[in-house]
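Asker: Residue numbers (the UniProt record's numbering): 1 to 296. Below are the structure tokens for one structure; questions will follow.
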């Protein structure tokens, strides 16, 4: 089990390259000489590294584990266009290049790498763990498992009007192919988004410094990552902990967990999809930290 002296931890802004783009983040190191185990962390759909992740990193550093958080391409402090567009495959490259950067540091033990992701980032870490065997431990919190057209239409603010969503998605793609600007939709919808709205309103000015309040419509285009259930069994032998909220609206989470092989662990917390950032934050952070301590 790693230990840390009771002294302020080192921290600083970092940057690395991913597909020619500069990806920026924050590195925190425990006190001492190292080399340290490290956890790479990133947020979910349209979210930024300043949201909740600093508190997770605080907990990790206290037990002697370094933390590296990043803004995905097109978001926050990182480069990339169009702004506020989730690049589903590009995110996986950003994860892997973050690991490459972290393991190049003399203070980091390249044999002890963990990854933590939440919501859409919770999906990402499941894919990265399959792709990259440098990953030794995984924590996936409230992952978005099934990215279907129906789910995407609702998240994009179209409700059950699937026909309109698909029509406008196709129109936007054609317009962009002809050099026109991308179509954007609000991150927080006018109705039915009360929990997300409350979460955003609870963030500080510093946490919201890079918040744009919108996402491109193409962000919601389903990909071949539509259902990660199909490769859950390939994450092993990396130990996997999945943290779920009892009232999460996202489908397929428990079914996906059942497909994963040992070693694995399921932790249930009270509340909805946003509760691990709010009333269940302390419990969720402890569950993640304990797993990394046990397996890193």
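Glycine included, every Cβ here is placed at the ideal spot set by N, Cα and C. Every value quoted in this text rests on a predicted model; they were computed, and no experiment measured them.
Quick one: using the 10 Å Cβ neighbour count with 16 as the cut-off for buried, is residue 261 buried or exposed?
Answerer: Counting Cβ neighbours within 10 Å, residue 261 comes out exposed, since fewer than 16 surround it.
Asker: Which same chain residues, not among the five before or five after residue 156, have their C-beta less than 7 Å away from its C-beta?
Answerer: Excluding sequence neighbours, residue 156 sits near 165, 185, 217 and 220.
Asker: By the 10 Å Cβ neighbour count, where 16 or more other Cβ atoms means buried, how is residue 18 classified, buried or exposed?
Answerer: The residue is buried, with at least 16 neighbouring Cβ atoms inside 10 Å.
Asker: Just list the residues that DSSP pairs residue 114 with in beta bridges.
Answerer: DSSP output for residue 114 lists 39 and 137 as bridge partner(s).
Asker: Which two residues bound the contiguous alpha helix (DSSP H) that contains residue 278?
Answerer: That residue, residue 278, is in no alpha helix (DSSP H); it is neither H nor E in DSSP.
Asker: For a quick check, are the C-beta atoms of residue 277 and residue 52 less than 8 Å apart?
Answerer: Against a cut-off of 8 Å, the Cβ pair of residue 52 and residue 277 comes out as a contact.
Asker: Name, in chain order, the residues that DSSP records as bridge partners for residue 14.
Answerer: In the DSSP output, where bridge partners are listed per residue, residue 14 has 25.
Asker: Taking residue 35 as the reference, give the member of 26, 66, 187 and 196 with the closest Cα.
Answerer: Here the closest residue by C-alpha is 66.
Asker: Does the beta-carbon distance from residue 115 to residue 102 come in below 8 Å?
Answerer: Taking 8 Å as the Cβ cut-off, residue 115 and residue 102 do not qualify as a contacting pair.
Asker: Check whether the segment 73 to 85 touches the segment 142 to 157, taking contact to mean three or more Cβ pairs, one atom from each stretch, closer than 8 Å.
Answerer: The segment 73 to 85 vs the segment 142 to 157: no contact.
Asker: Less than 8 Å between the CB atoms is what I'm expecting for residue 80 and residue 21, so what's the real figure, rounded?
Answerer: Yes, they are in contact, since the Cβ atoms of residue 80 and residue 21 sit about 5 Å apart, within 8 Å.
Asker: Kindly list the residues whose CB is nearer than 6 Å to the CB of residue 242, restricted to its own chain and excluding five residues on each side of it in sequence; keep chain order.
Answerer: The answer, listed in chain order, is 140, 257 and 266.
Asker: Measure the alpha-carbon distance for residue 14 versus residue 27 and round it to whole angstroms.
Answerer: Rounded to the nearest angstrom, the two C-alpha atoms are 7 Å apart.
Asker: Using CA coordinates, which residue listed in 290, 229 and 275 is at the minimum distance from residue 246?
Answerer: Nearest C-alpha to residue 246: 275.
Asker: Does the beta-carbon of residue 202 have 16 or more other beta-carbons within 10 angstroms, so that it is buried, or is it exposed?
Answerer: Result: exposed.
Asker: Return the Cβ separation of residue 146 and residue 227 in integer angstroms, given the expectation that the two are a contact with Cβ distance under 8 Å.
Answerer: Correct: roughly 5 Å between the Cβ atoms.
Asker: Go ahead and label residue 6 buried or exposed: buried means 16 or more other beta carbons lie within 10 angstroms of its beta carbon, across all protein chains shown.
Answerer: Caution is warranted here: a pLDDT of 41 is assigned to residue 6, below 50, making its placement in the model unreliable, and no coordinate value can be reported.
Asker: Taking residue 44 as the reference, which of 111, 12, 187 and 109 has the closest Cα?
Answerer: When only C-alpha atoms are compared, the closest one is 187.
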